[in-house]
Each structure stands twice: as structure tokens, then as C-alpha cells.
């Protein structure tokens, strides 16, 4: 069936397109002088446009992003959140997750986008784009984007009961001091990453090789401690996690924590246990019981995580690669399209073979050091939203596009150089001229220099002898000292 908007168009030409993809082109008089081309992949029925192939402008190509596409995306962003917010309001208490993404690595990023994912809906419901000069520095952009997003959602009347984020100290402080009515959790993957980093550093030291087989069990124990505590009680989560220090020394009953003083495992197979008197156990205990890590584990999320946002950032890299620099409006519109594409393809069905079996994909990520990752294969992404975008575009009038352009100009922040106090041009030229006229003069010392005598060289203090960092005894002949913990293993 022919689409209604195609009936208004005038057929132009089809001979200029390649034979690989059938194409049909229409010109719309009310599209402000632009020629729209719609690629058709259905070669059997070339008069039916195929969703998902895209929209391409042939005439005035360079003017289209500013005059049509950007105002269209802005109007779309105003229309879509209202529908998502209404859908979220019906659900009542909401659990949301947030994460930031910079347009480049390190502390030199220009843009920072903070995205909110509603775990209850589940959809991406809002994002905020911040330029560096708005926040003052690159690290401060994530906090500012979070504040913009949370203020918008609370202003819409949403009832937010829980918020999950990464281990961001500024956001954690804001949640603790300002948004006290919202329960704040930390994502498990970020906590696991910190623990892995600490234990890997200890295991690489000489004599601590016995800790390496326990790194992966510690990661799984963190997930088990949080996910088996459905109410999110931080004290219980910490008591469960702390039992790992007893488990690695083959102690499974009468533990130190009264909330969890017995190992929940059944039959425990024999394995290489760690000696509690070894230095490796003392370092492991000190690292895992640090105050900062303890506070983070007590706020571990028991259910929802930020993994969907990490997946969205991977999708966003296709729409806005970090290797390319974009304008503020270009980055803004690409975030809108990426969020739309992600929401449409988030819950794709899995592939099923003809015999009814489910195909699996096995990969070997580099960070897992040879361990495999098994995933179900999904169907190909759908692009039905392209047709809806075109329909929404056809409903906009010329005045609405002009109003959106004015709104965009007011939204764009000042250029980056406005955050710097520029030196006047005349002053810079004057100082350069003065430097060029300066002549370097020889300045003699205040006292005559002389070389030290042989007796003075002998009186210089010699280098201190190296000592053990634990027992403080000299390292020469240290192996014969039985009281040092380093020699207890031997």
C-alpha cells in the first residue's frame, strides 16, 4: 500500500541511481525547496518505500542539517519525553540509572552528556549535554549534567525512589546532602572493577602469587553478596562480602560478623588456601577493608545496574564517533537519534534456528584473559522509527521549524574561548617587542666558586643501607631472620 505522504509528491527520476538499490524520488512543494530522496530496497515492489533505509537530501545538501534536520530533532526531543514521562508516571515508584559520557578521553573533553535510563519502564527517558565552559572544567561536566537531568525529571512530577550510578564521588555527595529522599546505589560492575584492580596489583608482587586464583571468586562473591540481599541493606551486604576473607583461609563457621557468621555454601571442595599468617593475606585484608571501599560495597545495587547505559554508549559511538569533532547542535542531534535507535532495539527477540534450537555466540574479550563470553544471537536491528520521523517531519510547518531554529540559537552555549581571560593584542605585541630588545648580561657570582677538596669529599654522608619495610632489619642477611613475616613461609 502506498504511503499517504508519497501521494502528494511529484515523481522525478530514477535513472541517476545505481542498479544495486532501487530508488524512487519525489519532490514536495511544501518542503521549503528541498528535494527528498527515499531509497527503496524492495526491488520487487519499487513503489513501496522500505523503512530503515534512511532519508537523503539531494539538493542544498549542506543547508539541510541546519535548516531542517536540527530543528526537526529538537521538535522531536520535545515531543518524545512527554510520552515517556506519561508512561513512567503510570508506573508509580521508579528506579532510574545514570551515567556520563565525554566526547574524548582524559581531561580535555569539550562535551559531556549525562543519560538517564529508567529501569522500571525500561527506556532512555532523558539526557543533558554540557559544554566544558558551562561547568568550568571537563571533570565537572558529569555532575552538572546529572543535576540538569534529575531536576527535569523531578520537575515533571516523577516519583523516583532509587538511583543507580557509577562510583562518582561528586554525585554521591550531592545525593547524600541534597536528594536525601532518594536511595542511592552503586553499580556492581564499577565496584568489581575497583576490587579487581586492587587484588591484581597485590598478586603481581613477589611472593603473592597465591592470590591470583582468588581474584575471580572475589568478583563473583561481590555479585552474590549484593544480589542475594533484595532489600539492599548495606550492613548485610558488607557482612556477606567480608566473609570472603575467612573463606580464603578455610574458615567457614564462627565468623567475625554477627549478621553473617556462617558460610552459606554447601559442600566446599578442597583447594589451595591462603595462610592467614602470610603477608599476602595481610595486604588483601587491608585492601578489601578500606573505608572508601567499604562504603561503596554497602551501597551496592541489589537488582538494577547501569549495563544498559554502557550499551547505549557503544551505540552512540556509531552516531557520534569520538575521533570526529562536532558542533554543539551536531552532538545534540546525534544523541537524540542514538537514544531513539536504542529504545527501538533494546528488546529485540533472539534468533531461533529452523530446528528450534537457540544459536549462541562465543567471544573471548581481552580483559577476561582467555575466559569466554557466551551470548544469545539477536535479530537484526530495526529502523521503523525512520518512517515515524518522516511522518512527524511532514506534520511540522515552516513556522514551527523557524521557531525551533530560534530556540536552538538560544540554547547553544558561548564558544570555549569565552571561559579564558584573553590578553589584549596590543599588550602582547608590546611585551614581545620588549623581550626582543633585551640583551643577556653576564652576572658574576656573589662568592668565588671552588672545587671541594679530597677531605671534604670523604666527609659527605653515605647512602643509607636498605632495610626491610616490615621488620626494619637490614636486607643484607635478611633471609636468616626467622621473626620477619616474609620468611615465615619458607
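Residue numbers (the numbering used here): 4 to 493.
The beta carbon of each residue, even a glycine, is placed where N, CA and C say it ideally should be.
Computed from a predicted model, the values in this text were never measured in an experiment.
DSSP state of residue i mapped onto helix, strand, coil
i	result
residue 229	helix
residue 494	No answer is possible for residue 494: the residues shown for the chain start at 4 and end at 493.
residue 324	coil
residue 367	coil
residue 295	helix
residue 150	helix
residue 318	helix
residue 122	coil
residue 173	helix
residue 168	strand
residue 444	coil
residue 349	coil
residue 420	helix
residue 379	strand
residue 438	helix
residue 31	Its pLDDT being 38, under 50, residue 31 is placed unreliably by the model, and the measurement read from it follows with that caveat. Of the three classes helix, strand and coil, the one that applies to residue 31 here is coil, per DSSP.
residue 220	helix
residue 102	strand
Contacts around residue i, its chain only, beta-carbon distance under 7 Å, and the 5 residues preceding and following it disregarded
i	result
residue 178	166, 185 and 187
residue 307	98, 100, 122 and 167
residue 474	484, 486 and 487
residue 478	469, 470 and 471
residue 237	301 and 302
residue 199	218 and 222
residue 262	238, 239 and 242
residue 305	229, 230, 232, 233 and 235
residue 252	276, 277, 279 and 284
residue 482	490
Rounded C-alpha distance that separates residue i from residue j
i	j	result
residue 491	residue 484	9 Å
residue 418	residue 156	28 Å
residue 466	residue 130	59 Å
residue 124	residue 211	47 Å
residue 421	residue 289	47 Å
residue 159	residue 128	12 Å
residue 230	residue 294	22 Å
residue 3	residue 431	Outside the displayed range of the chain (4 to 493) lies residue 3, so it cannot be described from this structure.
residue 228	residue 219	14 Å
residue 396	residue 86	17 Å
residue 249	residue 208	22 Å
residue 223	residue 378	19 Å
residue 313	residue 398	34 Å
residue 152	residue 338	14 Å
residue 332	residue 411	8 Å
residue 291	residue 423	43 Å
residue 390	residue 195	42 Å
residue 106	residue 271	48 Å
residue 274	residue 373	22 Å
residue 329	residue 408	18 Å
residue 394	residue 192	41 Å
residue 425	residue 140	18 Å
residue 120	residue 309	8 Å
residue 356	residue 176	50 Å
residue 183	residue 164	10 Å
residue 447	residue 453	14 Å
residue 437	residue 444	16 Å
Residues of its chain near residue i, where Cβ-Cβ distance is below 8 Å and the 5 sequence neighbours each way are ignored
i	result
residue 161	88, 91, 92 and 97
residue 214	202, 205, 206, 277, 283 and 287
residue 318	341, 344 and 345
residue 354	361, 362, 379, 380, 381 and 382
residue 266	246, 249, 250, 255, 256 and 258
residue 132	114, 115, 116, 148, 331, 334, 335 and 338
residue 297	241
Sequence-distant residues of the same chain with beta carbon closer than 6 Å to residue i, five excluded per side
i	result
residue 173	146
residue 352	382
residue 427	none
residue 416	134 and 137
residue 104	116 and 316
residue 384	348
residue 457	none
residue 260	242 and 245
Whole-number beta carbon distance between residue j and residue i, since they are thought to touch under 8 Å
i	j	result
residue 197	residue 170	7 Å
residue 388	residue 347	5 Å
residue 189	residue 299	5 Å
Proximity test, residue i beta-carbon vs the ligand HEM heavy atom, cut-off 7 Å
i	result
residue 130	For the structure depicted, the ligand HEM is absent and the ligand set is empty, with no information on it obtainable.
Three-pair Cβ contact test at 8 Å for the region 102-119 versus the region 139-150: yes
At least three beta-carbon pairs within less than 8 Å, the region 280-294 to the region 232-242: no
Three or more C-beta pairs below 8 Å linking the region 319-330 and the region 357-377: no
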